[in-house]
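Data first, discussion second: the structure below is written as structure tokens.
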Amino acid sequence: MTLAGFTAAWAMHFLAAASPGPAILMAARTGVTQGLRSGIFLAAGLGIGALVWACAALFGLALLFKAAPALLWGFKIAGGAFLCSLAWKMWRHADEPLAMTAEGATPQGALSALRLGITTQLANPKPAVFFGAVFVGTVPPGTAPWVVAALLLAVFLNEMICNVAVARIFSFPAPRRLYLRLKSSIDRCFGGLLAVLGLKIAVT
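Counting along the sequence shown from 1, when you hit position 202 you're at 202 in this note's numbering, and nothing is skipped either side.
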């Protein structure tokens, strides 16, 4: 695999990771509600989930979906339902006050954020389709194992960089103060957007 090919694969995934979707939405909400530390754990979970999809694509996931289209359809339905359930929880608890951590205290829920990142990424067929239909096509047969490992590391770092950046932006005091004032409306907007994404995933 040439350096140009490696760069193209990295750039395509970076753009995919930075595009709006459930991962970016979760990073923004985690940053504003729990701060940067939990946002980093969430981003790590999203990175792990992306690695699972990338490895699956490199080892035959696209062929499996092609041989059994119903499997992809069922997975999309399940993933859409999971995202819609998260959206419902956001909507249902929108009016509840948020217990923000005290100044200087360690934000809570880091491990929960890690789990949420993994499950959100695994429930989203978007990376499965990207890695199976686009990413795997940039990796020629016979690519050296160390190059494949470098590509997988690039995938993880892309997810981390994009989602940590989003969490950082939304963890600043001004966005957090705005969130506290408008929590009910913002949570319902987040929930509505996530529900739309979930429904879109399930029906397309």
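We put the beta carbon where it would ideally sit given N, CA and C, even for glycine. Since this is a predicted model, take the numbers as computed values, not measurements.
Item, Value
"On the three-pair Cβ rule with 8 Å, is the segment 14-31 touching the segment 155-165?", "yes"
"Out of A123, T143, A54 and R188, point me to the one whose CA is closest to A154's CA.", "A54"
"Alpha helix (DSSP H) containing T2: first to last residue?", "Counting along the chain, T2 falls outside any alpha helix (DSSP H), and DSSP gives it neither H nor E."
"Helix, strand or coil, according to DSSP, for A105 in the structure here?", "Note on A105: pLDDT 37, under 50, position unreliable in the model; the coordinate value appears next. Three-state DSSP puts A105 in coil, outside helix and strand."
"How about G198 and I118: do their beta carbons lie closer than 8 Å?", "no"
"For V166, count the other beta carbons within 10 Å of its own beta carbon; 16 or more makes it buried, fewer makes it exposed. Which is it?", "buried"
"Since A87 and Q34 are thought to touch, with beta carbons under 8 Å apart, how far apart are those beta carbons, to the nearest angstrom?", "Rounded, the Cβ-Cβ distance is 18 Å, inconsistent with contact."
"Whose CA, out of K89, W10, L151 and L58, lies closest to the CA of A195?", "K89"
"Buried or exposed for S274, going by 16 or more other Cβ atoms inside 10 Å?", "Missing from the structure shown is residue 274; the chain here goes from 1 to 204 and no further."
"Which of the three DSSP states, helix, strand or coil, is assigned to D95?", "coil"
"Applying the criterion that 16 or more other CB atoms from any shown protein chain within 10 Å of the CB defines a buried residue, is A9 buried or exposed?", "buried"
"Using CA coordinates, which residue listed in L182, K200 and L193 is at the minimum distance from V32?", "L182"
"In this structure, how does DSSP classify G35 when only helix, strand and coil are distinguished?", "coil"
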